[in-house]
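Participant: FYI, the numbering for the sequence shown is 1 to 282, going by my numbering.
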Amino acid sequence: MLWLGAHMSISGGVDKAIDHAVSVESDAVQVFTKNQRQWNAKPLSDEDAERFRTRYAEAGLKGVVAHDSYLINLASPKDDLWDKSIAAFKDELERCERLGIPFLVTHPGSHTGSGREAGLDRIVTALEQVHSDLPGYTVRTLLETTAGQGTNLGSTFEDLAYLLENTAASERLGVCFDTCHVFVAGYDIRTPETYESTMSEFDRIVGLTQIEALHFNDAKEELGSKKDRHHLIGQGCIGSEGFRNFMNDSRFDGKPALLETDKGDDLAEDRAALALLRSLVS
Ligand code: ZN
Ligand code: MN
Ligand code: MN
Numbered sequence: 001m002l003w004l005g006a007h008m009s010i011s012g013g014v015d016k017a018i019d020h021a022v023s024v025e026s027d028a029v030q031v032f033t034k035n036q037r038q039w040n041a042k043p044l045s046d047e048d049a050e051r052f053r054t055r056y057a058e059a060g061l062k063g064v065v066a067h068d069s070y071l072i073n074l075a076s077p078k079d080d081l082w083d084k085s086i087a088a089f090k091d092e093l094e095r096c097e098r099l100g101i102p103f104l105v106t107h108p109g110s111h112t113g114s115g116r117e118a119g120l121d122r123i124v125t126a127l128e129q130v131h132s133d134l135p136g137y138t139v140r141t142l143l144e145t146t147a148g149q150g151t152n153l154g155s156t157f158e159d160l161a162y163l164l165e166n167t168a169a170s171e172r173l174g175v176c177f178d179t180c181h182v183f184v185a186g187y188d189i190r191t192p193e194t195y196e197s198t199m200s201e202f203d204r205i206v207g208l209t210q211i212e213a214l215h216f217n218d219a220k221e222e223l224g225s226k227k228d229r230h231h232l233i234g235q236g237c238i239g240s241e242g243f244r245n246f247m248n249d250s251r252f253d254g255k256p257a258l259l260e261t262d263k264g265d266d267l268a269e270d271r272a273a274l275a276l277l278r279s280l281v282s
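1) Quick one: is the Cβ of V105 within less than 7 angstroms of any heavy atom of ligand 1?
2) Tell me whether L2 sits in a helix, a strand or coil according to DSSP, three-state version.
3) Considering only residues of the region 106-170, which uninterrupted alpha helix (DSSP H) runs meet the minimum length of 4 residues and lie entirely inside it, listed in chain order?
4) Okay, do the region 67-77 and the region 98-114 touch, 3+ Cβ pairs below 8 angstroms being the bar?
5) Let me know if Q38 comes out buried or exposed under the rule of 16 or more other beta-carbons within 10 Å of its beta-carbon.
6) Do you know whose CA, among D265, Y195, T54, lies nearest G239's CA?
7) Under DSSP, the alpha helix (DSSP H) around G174 begins and ends at which residues?
8) For the beta strand (DSSP E) holding L232, just list the boundary residues, first then last.
9) In the DSSP assignment, find the unbroken alpha helix (DSSP H) run with E193 in it and report its ends.
10) Could you pull out every residue in the same chain whose Cβ sits closer than 6 angstroms to the Cβ of R140, ignoring the five residues on either side in sequence?
11) Can you round the beta-carbon distance between L285 and K255 to whole angstroms, since I take them to be within the 8 angstroms contact cut?
12) Tell me whether E212 counts as near ligand 2, meaning its Cβ is closer than 7 angstroms to at least one heavy atom of that ligand.
13) Under 7 angstroms Cβ to Cβ from I284, same chain only, skipping five residues before and after it: list those, please.
14) Where does E269 fall in DSSP's three states?
15) Assuming the contact rule is C-beta atoms closer than 8 angstroms, L153 and R116 should be a hit. Round their C-beta distance to whole Å, please.
16) Can you pull every residue whose C-beta falls closer than 6 angstroms to some heavy atom of ligand 2, listed in chain order?
17) Find the nearest neighbour of D121 within the set G236, K220, L163, judged by alpha-carbon distance.
18) Which residues does DSSP pair with P256 in a beta bridge?
19) Report the option in E47, S279, S45, V31 whose CA atom is closest to the CA atom of S69.
20) Assuming I238 is part of the beta strand (DSSP E), what are its boundary residues?
21) So, with DSSP's three-state summary, where would you put A185?
22) Measuring only the C-alpha atoms, how far is N40 from F89?
23) Roughly how many angstroms lie between the CA atoms of R98 and V184, to the nearest whole one?
24) Take E269 and list the residues in its own chain whose beta-carbon comes closer than 7 angstroms to its own, dropping the five residues that flank it on each side.
25) Alpha carbon to alpha carbon, what distance is there between C96 and V14?
26) Just reading off the beta strand (DSSP E) that L214 is part of, what are its end residues?
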């Protein structure tokens, strides 16, 4: 069984996300550890870190992952933005380490015109610098599968394999598999047959054991559209049957699967989606 949950707000403190996760009866949660639209954040206090760790332990959740800021671009060909991204990414990892969060999900990056290979090599160099600057960290970076909009890297399984194969200390890396992104990038997952063919392709090129977390989002746009617009589970172009494939795949037992879909303050949409997903287990 996957550990189901959702991305939750940290408004009022990182530990508040755990209260939200508990309130929808989920097993896992994803958080930002700071405002994701700003470069700078006030440092995490020891009290904040301790409160989060305690709350997480007492809540009985089985999985937690963090997502990094959308501003970070480890593939940038511009030195100032690249340096700033590396510094911000190191801060994100340090926050995870202190909060006891074992995985940090990141979008690999955007080459903004320099080309695929140059962009991927830039990410490799950035990750290697991060690894050597922060020795001994236990938090792992999960490279997220992306939709392939514009010059974004990571929308093909080959891109992810390149990063995993070429980065030193690659045991500090893994993959976060986003269902909406993979689908709009052109990999079908809607039927048992197309699902199995996509998964065996992923296994051959990247390795299914690299997947440490999943993002469960339905897609507002069609297969291959490369448009990243999330929809509620069962209401988009993937549909419930696509998610049935994941829910019954024992290869993902014990991995967190997080919703990143629209919801109101009462979290009713999350509750409904989690119930729907659980009903698909046979
Ligand atoms: Zn993401
Ligand atoms: Mn995602
Ligand atoms: Mn997305």
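For glycine and all other residues, C-beta sits at the position ideal for the given N, C-alpha and C.
Facilitator: Per the coordinate set shown:
1) As a working mapping, residue 105 is identified with position 105 in the sequence shown. Checking the Cβ of V105 against ligand 1 gives yes.
2) What you label residue 2 is simply residue 2 of the sequence shown in a count that begins at 1. Three-state DSSP puts L2 in coil, outside helix and strand.
3) 116-133, 157-166
4) yes
5) Taking the first residue of the sequence shown as position 1, residue 38 is located at position 38. When all chains shown are included, Q38 counts as exposed.
6) Numbered from 1 along the sequence shown, position 239 holds the residue referred to as residue 239. Comparing Cα-Cα distances from G239 to each of D265, Y195, T54, the minimum goes to Y195.
7) For the purposes of this step, residue 174 is identified with residue 174 of the sequence shown, where counting begins at 1. That residue, G174, is in no alpha helix (DSSP H); its beta strand (DSSP E) goes 173-178.
8) As a position in the sequence shown, residue 232 is number 232, starting the count at 1. That residue, L232, is in no beta strand (DSSP E); it is neither H nor E in DSSP.
9) Working through the sequence shown from its first residue, we reach residue 193 at position 193. First-last of the alpha helix (DSSP H) with E193: 192-205.
10) Within the sequence shown, residue 140 is the residue found at index 140, counting from 1. Closer than 6 angstroms at the Cβ level, and outside the excluded window around R140, lie F103, R172, G174.
11) Beyond the ends of the chain as shown, which are 1 and 282, falls residue 285; an answer cannot be given.
12) In the sequence shown, the residue the question calls residue 212 occupies position 212. No, the beta carbon of E212 sits no closer than 7 angstroms to any heavy atom of ligand 2.
13) This structure does not reach residue 284, given that the chain is present from 1 up to 282, and the question cannot be answered.
14) Reading the sequence shown from its first residue, position 269 is the one you call residue 269. Three-state result, E269: helix.
15) Your numbering for residue 153 matches position 153 in the sequence shown. Your numbering for residue 116 matches position 116 in the sequence shown. Indeed, because the Cβ distance is near 7 angstroms, the residues count as touching under 8 angstroms.
16) E144, D178, H215, E260
17) For the purposes of this step, residue 121 is taken as residue 121 along the sequence shown, with counting starting at 1. Of G236, K220, L163, the residue nearest in Cα terms is L163.
18) The residue you call residue 256 lines up with position 256 of the sequence shown. BP columns for P256 point to W3.
19) Taking the first residue of the sequence shown as 1, we reach residue 69 at position 69. Minimum Cα distance to S69 is reached at V31.
20) To locate residue 238, count along the sequence shown from 1; it is residue 238. Taken as a continuous stretch (DSSP letters only), I238 belongs to no beta strand (DSSP E), as it is neither H nor E.
21) Against the sequence shown, residue 185 aligns to sequence position 185. A185: coil per DSSP, three-state reduction.
22) Locating residue 40 in the sequence shown gives position 40, counting from the first residue. Locating residue 89 in the sequence shown gives position 89, counting from the first residue. If I take the Cα positions, the gap works out to 11 angstroms.
23) Here residue 98 refers to the residue found at position 98 of the sequence shown. Here residue 184 refers to the residue found at position 184 of the sequence shown. Between R98 and V184, the C-alpha separation is close to 35 angstroms.
24) What you label residue 269 is simply residue 269 of the sequence shown in a count that begins at 1. If we look at E269 and ignore the five residues flanking it on each side, its Cβ neighbours are L232, T261, D262, K263.
25) Taking the first residue of the sequence shown as position 1, residue 14 is located at position 14. Taking the first residue of the sequence shown as position 1, residue 96 is located at position 96. Computed Cα separation, rounded: 11 angstroms.
26) Translated into positions along the sequence shown, residue 214 becomes position 214. It spans 211-216 - the beta strand (DSSP E) in which L214 sits, taken as one unbroken run.
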